[in-house]
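The letter at position 28 of the sequence shown is residue 28 when you use UniProt numbering, and the numbering goes up by one with no holes.
Using N, Cα and C, we set each Cβ at its ideal position, and we do this for glycine too.
All values reported here derive from a predicted model rather than from experimental measurement.
This report concerns only the one structure given below.
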Amino acid sequence: MKDLIKSGIDEESKPYWDGLIDHKLLIQQCEDCQQSIFYPRSICPHCFSGQLSWFQANGTGSIYSFTIVHQGYGPFKGEPPYVVGIVELDEGVRMMTRIIGDKDEISIGKRVSVVYKEVEEDFVLPYFQLIA
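Right, here's the structure in full:
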């Protein structure tokens, strides 16, 4: 899986991936319009400014949407059933992620916090779990 994702790591997203290794969820902010931005890019999608900086998100948010995956493919073949969701971070951006925990407790609007899952050596993904 690392090689699959690693092939897509570019100059814009490298700080994000490096942050995950250090258990930091980094997202961008436009210095001109102050909007938070995710996924990493070189130009603000709100005002088209190229003045972007990185900051550490607090790692909490709410479940915006989710689905339970029952048929996995590729590197996820042996993992179903698992939950994939869109989490809206408190900073206002949404990201697709795995949501871990009791599947019966997961619902739209529930609060979640980031956990860092080392899936391979030097390769970390952000998952989210329900906040008790």
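Contact check, residue i vs residue j, beta carbons under 8 Å
i	j	result
Gly-85	Glu-79	no
Val-114	Gly-50	no
Arg-41	Glu-11	no
Ile-68	Gly-109	no
Between the CA atoms of residue j and residue i - distance to the nearest angstrom
i	j	result
Tyr-16	Asp-104	31 Å
Ser-107	His-23	26 Å
Val-119	Pro-81	17 Å
Glu-88	Phe-66	12 Å
Asp-122	Ile-21	6 Å
Trp-54	Asp-18	12 Å
Ala-57	Pro-126	12 Å
Asp-32	Lys-77	43 Å
Phe-128	Lys-14	21 Å
Ser-111	Phe-48	It is Arg, not Ser, that sits at residue 111 in the sequence shown. Their backbone Cα atoms lie some 31 Å apart in a straight line.
Gln-34	Gly-61	19 Å
Leu-130	Asp-102	9 Å
Leu-52	Glu-91	15 Å
Cut-off 7 Å between Cβ atoms - residues of its own chain near residue i, not counting five sequence neighbours on either side
i	result
Val-93	Ile-27, Ser-36, Ile-37 and Phe-38
Where the beta strand (DSSP E) containing residue i begins and where it ends
i	result
Tyr-64	60-69
Own chain partners of residue i with C-beta closer than 6 Å, once the 5 adjacent residues on each side are dropped
i	result
Ile-43	Gly-50
Lys-117	Leu-125 and Tyr-127
Terminal residues of the alpha helix (DSSP H) in which residue i lies
i	result
Tyr-116	From DSSP, Tyr-116 is part of no alpha helix (DSSP H) but of the beta strand (DSSP E) over 111-120.
Gly-19	14-21
(message) Count Cβ pairs between the region 13-31 and the region 98-108 that sit closer than 8 Å; are there 3 or more?
(response) no
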